[in-house]
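Enquirer: Could you have a look at this structure, given as structure tokens, before my questions?
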Amino acid sequence: MKRVRIGNGCGFWGDNLDAPIYLAERGRLDYLTLEYLAELTMSILALQKQRDPQAGYASDFLDVLTRLAPLLKLQPGLKIITNAGGMNPAACATKARAILDRAGISDCPIGIVGGDDLFPRLDELLAGRHPLEHIDTHGSLSSIRDRVVSVNAYLGAKPIVSALKQGARIVITGRVADASLTVAPALFEHNWEWNDWDRLGAATTAGHLIECGAQVTGGLWCRWQDVPNLADVGYPIAEVDLDGTFRISKTPNSGGIVNRETVAEQLLYEVGDPARYLTPDVVADFTTVALRESAPDEVEVTRSHGLPATDTYKVSIAYRDGYMASGLLAIAGPHASTKAKRAGEMLLARLTRIGLTFEASHIETIGDGSLARGVLGVQDVPEVMLRVGVRDHSKAAVERFTKEFAPLVTSGPPGVTGYTTGRPPVREVFAYWPALIAKSAIREEVRIV
Amino acid sequence: MTVPLSKIAHGRSGDKGNHANVAIIADSQAGYAWLRQFLTAERVAEYFQPLGPSRVERFEAANVLGLNFMLYDALAGGASRSLRLDTQGKTLALTLLRMSIDPPPELLEGLPRE
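These protein sequence lines map, in sequence, to chains A and B.
In terms of numbering that gives the first Met the number 0, the first sequence opens at residue 0 and continues consecutively.
In terms of numbering that gives the first Met the number 0, the second sequence opens at residue 0 and continues consecutively.
Here's what the structure looks like:
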């Protein structure tokens, strides 16, 4: 029976750079997926592309590809699917081609998937019947139109499958739903129909489980003391059968662990209604699946269920929304927590004195329960980190704020230390505006180079 | 006997924009049955009230003994604009697992987990 082995070697931009290499070396994979795009990554990439038309993709992928090239030679069946293209899949593909050429890999068609970038079409869409209202508040996009920096639809598995059908060995996409990176190879290899909702639901569940990399193979697991060799944690593999049954395992001969608990925790991670997990491909139902520990470090998932996909794509919009900064100081000694809170209030009071107030400010005393301030009682601890942050539309005000930490070293309560990294940086805020758009408004683009 | 929720359950949390999801997974079928009665959306909303969620909704995933809570508008702006250190609510499940509970004694028999 044909089984498709899909390994995910990257859960976000910034993830471990060696994991995908080990996974491809030892995983006996048919497909390696690499996921780079968080909700706000696209706004950062959009600005990079504005400054340089050849930029705007996840550059880490090229370093990984350079190291994967020898494996692509050794394993002629191995294919790669990644959303590293970000705002500029074509430029990413050009660089990838140069890497493959240098490695002497000639027969390696690259598929480029685009059409997710709606920024150039924004006014046309707004003038049509696509208001892109905020998904929660139903607010009108016109209120922030002039501050928008990126608009991307989450595409599904269809354009990736189209690229595979046209012979692509590497597929580089812009914004697609994370789970679709897994759905596409499963559907393509098994020749499933696009309305085979239960199997699409199964592959979506598999994709959801592996999309965050090590989070299903022992990372974050509540019984962290029991994880063998987490330092060498293996990355996840989903082995998908024709009927939609799949097994989650990990890089052979690696650390970490895969069991019912690690899979159950990840199944519900960043999920709203688990009976209705919406993707462009299907509405997956996570509440029917059965988990069984089928072998050491292997969990078999059966009884997956799916419902017909909706007629909309999710759209992720980022817009400029002022500036923010936050700084840290360590406060030690008796009453550390109280002293830190007072020092933070002092810092803000000194700014109020010169006429600077902020749209938002926040004081934390990290170490005493402050991450969930008010939920847990304040603990009496030997030291805490004072963290003060502000947000405002005046960049000058936020810059002035960053200069108010150092004075506390001599003019605050006793026990202040740790001012060694200098003034904290000011960064621009890109706020997030989720919306929906009719699928009929989107023109997917697939090119093979 | 009063014990932390982590005695009978584990969990994980994360973000959906400005909303947090906190999944609590019971260690046993009996524990799930009890938690399903005890750990209501109202109780969780009250526990996290200092974080200011606009409302809390609970979803059930009995197949994995899971209760999934959506804490709407609980992240002070979310990953992009929150001034909190934990912008994505990654620690909220561990915070909820510290909740004091008083389950029937038979649920605690022979349990090592802290």
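Each residue gets a CB set at the ideal place from its N, CA and C atoms; glycine is no exception.
Just so you know, these numbers come straight off a predicted model, no measurement behind them.
Using 7 Å as the threshold, is the C-beta distance between A185(A) and V257(A) below it?
Expert: Position 186 of the first sequence, counting from 1, holds the residue named residue 185(A). Position 258 of the first sequence, counting from 1, holds the residue named residue 257(A). Not a contact, by the Cβ cut-off of 7 Å.
Enquirer: Apart from the five residues just before and just after W12(A), which ones in its own chain have a Cβ nearer than 8 Å to its Cβ?
Expert: If you number the first sequence from 1, residue 12(A) lands on position 13. Cβ neighbours of W12(A) beyond the five flanking positions: Y35, L36, A37, T40, A57, D59.
Enquirer: Using the C-alpha atoms, what's the distance from E192(A) back to L163(A)?
Expert: Mapped onto the first sequence, residue 163(A) falls at position 164. Mapped onto the first sequence, residue 192(A) falls at position 193. Rounded to whole angstroms, L163(A) to E192(A) spans 15 Å at the Cα level.
Enquirer: Listed in chain order, which residues of the region 85-100 of chain B have Cβ atoms closer than 8 Å to some Cβ of chain A?
Expert: D85, T90, L91, T94, L96, R97
Enquirer: Does DSSP put R83(B) in a helix, in a strand, or in coil?
Expert: Along the second sequence, one-based indexing puts residue 83(B) at 84. R83(B) falls in the coil class under three-state DSSP.
Enquirer: Helix, strand or coil: how does DSSP classify T93(A) here?
Expert: Numbered from 1 along the first sequence, position 94 holds the residue referred to as residue 93(A). Helix, per DSSP.
Enquirer: Terminal residues of the continuous alpha helix (DSSP H) containing E192(A)?
Expert: The residue labelled residue 192(A) in the question sits at position 193 within the first sequence. No alpha helix (DSSP H) holds E192(A); DSSP gives it neither H nor E.
Enquirer: Less than 7 Å between C-beta atoms, sequence neighbours within five positions excluded: which residues of the same chain meet that for D391(A)?
Expert: The sequence position of residue 391(A) within the first sequence is 392, counting from 1. Cβ within range, chain order: G321, Y322, F357, E358, V397.
Enquirer: Applying a beta-carbon distance threshold of less than 7 Å, which residues of chain B neighbour A263(A)?
Expert: In the first sequence, the residue the question calls residue 263(A) occupies position 264. Correct list: I24, V63, G65.
Enquirer: Please give the ranges of any alpha helix (DSSP H) in the region 216-266 of chain A, keeping only runs that are unbroken, at least 4 residues long and fully inside the region.
Expert: 259-266
Enquirer: In terms of alpha-carbon separation, which member of L407(A), G114(A), V445(A) lies closest to Y418(A)?
Expert: Residue numbering aside, residue 418(A) sits at position 419 when the first sequence is read from its first letter. Among L407(A), G114(A), V445(A), the Cα nearest to that of Y418(A) belongs to L407(A).
Enquirer: Consider the Cβ of L4(B): report whether some Cβ of chain A lies at a distance smaller than 7 Å.
Expert: Counting from 1 along the second sequence, the entry for residue 4(B) is found at position 5. Answer no: the Cβ-Cβ gap between L4(B) and chain A never drops below 7 Å.
Enquirer: Any heavy atom of the ligand ADP closer than 6 Å to the CB of L77(A)?
Expert: Ligands are entirely absent from the displayed structure, and the ligand ADP is therefore not among its contents.
Enquirer: From the beta carbon of M0(B), is the nearest beta carbon of chain A less than 7 Å away?
Expert: Working through the second sequence from its first residue, we reach residue 0(B) at position 1. Not closer than 7 Å to any Cβ of chain A, the Cβ of M0(B) fails to qualify, so no.
Enquirer: In chain order, what are the residue ranges of uninterrupted beta strand (DSSP E) at least 3 long that sit wholly in the region 323-374 of chain A?
Expert: 359-365
Enquirer: Just to confirm before moving on: does the CB-CB distance between A8(B) and A32(B) stay below 7 Å?
Expert: Start at 1 with the first residue of the second sequence, and residue 8(B) comes out as number 9. Start at 1 with the first residue of the second sequence, and residue 32(B) comes out as number 33. In this structure, the beta-carbon distance from A8(B) to A32(B) does not fall below 7 Å.
Enquirer: What whole-angstrom Cβ distance do L4(B) and L96(B) have, given they're in contact under 8 Å?
Expert: Counted from its first residue, the second sequence places residue 4(B) at position 5. Counted from its first residue, the second sequence places residue 96(B) at position 97. With a Cβ gap of about 5 Å, L4(B) and L96(B) count as contacting.
Enquirer: In the DSSP assignment, find the unbroken beta strand (DSSP E) run with L96(B) in it and report its ends.
Expert: On the second sequence, residue 96(B) is found 97 positions in, with the first residue counted as 1. Per DSSP, L96(B) belongs to no beta strand (DSSP E) and is neither H nor E.
Enquirer: Need the endpoints of the beta strand (DSSP E) that S293(A) sits in, please.
Expert: Within the first sequence, numbered from 1, the residue matching residue 293(A) stands at position 294. Residues 289-294.
Enquirer: In the structure shown, what three-state DSSP assignment does M86(A) receive?
Expert: Mapped onto the first sequence, residue 86(A) falls at position 87. Residue state, collapsed to three classes: coil.
Enquirer: Out of Q87(B), F68(B), R80(B), point me to the one whose CA is closest to R426(A)'s CA.
Expert: Translated into the one-based positions of the first sequence, residue 426(A) becomes position 427. Comparing Cα positions, the closest option is R80(B).
Enquirer: How far does the beta strand (DSSP E) with Y71(B) in it reach, from first residue to last?
Expert: Along the second sequence, one-based indexing puts residue 71(B) at 72. 65-71 is the extent of the beta strand (DSSP E) around Y71(B).
Enquirer: Against E123(A), what residues of chain B qualify as contacts under a CB-to-CB distance less than 8 Å, listed in chain order?
Expert: For the purposes of this step, residue 123(A) is identified with residue 124 of the first sequence, where counting begins at 1. By Cβ distance, chain B contributes nothing, its closest Cβ being about 26 Å from E123(A), past 8 Å.
Enquirer: Quick check on P52(B) - is its C-beta less than 7 Å from some C-beta in chain A?
Expert: Here residue 52(B) is taken as the residue at index 53 of the second sequence, counted from 1. Not closer than 7 Å to any Cβ of chain A, the Cβ of P52(B) fails to qualify, so no.
Enquirer: Here's a check: name, in chain order, each residue in its chain whose Cβ is nearer than 6 Å to the Cβ of G26(A), leaving out the five neighbours to either side.
Expert: For this step, residue 26(A) is matched to residue 27 along the first sequence. Result list for G26(A): G6, I236, T250, in chain order.
Enquirer: Distance, Cα to Cα, A324(A) vs T172(A)?
Expert: Counting from 1 along the first sequence, the entry for residue 324(A) is found at position 325. Counting from 1 along the first sequence, the entry for residue 172(A) is found at position 173. Computed Cα separation, rounded: 33 Å.
Enquirer: Do L180(A) and I80(A) come within 7 Å of each other at the CB atom, strictly closer than that value?
Expert: Working through the first sequence from its first residue, we reach residue 80(A) at position 81. Working through the first sequence from its first residue, we reach residue 180(A) at position 181. Between I80(A) and L180(A), the C-beta spacing is below 7 Å.
Enquirer: What residue from S315(A), K402(A), V383(A) has the CA that sits closest to P423(A)'s CA?
Expert: Position 424 of the first sequence, counted from the start, is the residue given in the question as residue 423(A). Nearest of S315(A), K402(A), V383(A) to P423(A), Cα basis: K402(A).
Enquirer: Under a three-way DSSP split, which group does R57(B) fall into?
Expert: Locating residue 57(B) in the second sequence gives position 58, counting from the first residue. Residue state, collapsed to three classes: strand.
Enquirer: Classify K1(A) as buried or exposed, calling it buried when 16 or more other Cβ atoms lie within 10 Å of its own Cβ.
Expert: On the first sequence, position 2 is the one that residue 1(A) refers to. Exposed, since its Cβ has fewer than 16 Cβ neighbours within 10 Å.
Enquirer: Using a threshold of 7 Å, state whether the C-beta atoms of A97(A) and L64(A) are closer than that.
Expert: Position 98 of the first sequence, counted from the start, is the residue given in the question as residue 97(A). Position 65 of the first sequence, counted from the start, is the residue given in the question as residue 64(A). No.
Enquirer: Using the Cα positions of V232(A) and G110(A), report the straight-line distance between them to the nearest angstrom.
Expert: The sequence position of residue 232(A) within the first sequence is 233, counting from 1. The sequence position of residue 110(A) within the first sequence is 111, counting from 1. Straight-line measurement puts the Cα of G110(A) at about 31 Å from the Cα of V232(A).
Enquirer: Can you tell me whether G30(B) is buried or exposed, with buried defined as 16 or more other CB within 10 angstroms of its CB?
Expert: Residue numbering aside, residue 30(B) sits at position 31 when the second sequence is read from its first letter. Classification of G30(B): buried, given that the 10 Å Cβ count is 16 or more.
Enquirer: Going straight from the alpha carbon of V298(A) to that of G13(B), what length do you get?
Expert: Here residue 298(A) refers to the residue found at position 299 when the first sequence is read from its first residue. Here residue 13(B) refers to the residue found at position 14 when the second sequence is read from its first residue. Separation of V298(A) and G13(B) (C-alpha to C-alpha, rounded to the nearest whole angstrom) is 23 Å.
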